[in-house]
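Contents: one structure, followed by commentary.
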Amino acid sequence: MYNRDYLSDQSSQHTQESSQIQIMSFLKATYQLFAGSLLAATAGAYIGLGIVSILMGPVKWVLFAVELALIFFVIPRVKHTPGLNLAVLFAFTFITGLTIAPLLASIFAMPAGASIVGQAFLMTSVAFGGISMFAMTT
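Below, the structure written as structure tokens:
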């Protein structure tokens, strides 16, 4: 009936609470960066839809080469440089949005194309939200 180990129980509870706070802080920062990346990609796709005729030509190969250069050469060099790493992240996602614009234009040209994009967005959001909730609760 008498708990003689009450000091260690409190210290383990404090450690568990601080660990939980660190995890939640990390998840919050990760989701903020993810949301910012999605906004940059959406801006790139929106701008790309306006210049789809340009992006369908040889420019798509230039953008693809820029993406590969960012992935293999730039990101490894700047990943530990605060500020610059975020600029490269958002530049990469913006360029990715530009390169996906021709695909989006062809889907929007299909009958009920906008609903296809909307359904894909909804399914992705629900799946991401479900996985996030699972990660936070376990």
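Oh and the sequence shown: position 83 is 1062 in our numbering, straight run, nothing missing. Glycine residues also receive a C-beta, built at the ideal position from the N, C-alpha and C atoms.
Can residue i and residue j be called in contact, C-beta distance under 8 Å?
i: Gln1024; j: Gly1076; result: Here residue 1024 is Ala; the residue named in the question, Gln, does not match the sequence. Yes, the Cβ-Cβ distance between Ala1024 and Gly1076 is below 8 Å.
i: Ala1080; j: Leu1028; result: yes
i: Val1031; j: Ala1084; result: yes
i: Met1112; j: Leu1006; result: no
i: Val1096; j: Ile1086; result: yes
Among residues of its own chain, excluding the 5 on either side of residue i, which ones have a beta-carbon nearer than 8 Å to its beta-carbon?
i: Leu1034; result: Gly1027, Leu1042, Leu1077, Thr1078, Ala1080, Pro1081
i: Ala1088; result: none
i: Ser1004; result: none
Tell me, to the nearest whole angstrom, how far the beta carbon of residue i is from that of residue j; I am working on the premise that it is less than 8 Å.
i: Phe1069; j: Ala1019; result: 4 Å
Can you list, in chain order, the residues of its chain whose CB lies under 6 Å from that of residue i, leaving out five sequence neighbours each side?
i: Glu1046; result: Ile1074
Which residues in the same chain have their Cβ closer than 7 Å to the Cβ of residue i, if we skip the five residues on either side of it in sequence?
i: Ala1022; result: Phe1073, Gly1076
Establish whether the CB of residue i and some CB of chain D are separated by less than 8 Å.
i: Ala1014; result: As a matter of chain content, chain D is missing from the structure shown, which is built from one protein chain.
*Do three or more CB pairs link the region 1098-1115 to the region 1056-1070 at distances below 8 Å?*
They do not touch, by the three-pair rule.
*Determine contact between the region 1039-1059 and the region 1007-1017, defined as no fewer than three beta-carbon pairs at a distance below 8 Å.*
No, because fewer than three Cβ pairs between the region 1039-1059 and the region 1007-1017 fall closer than 8 Å, the two stretches do not touch.
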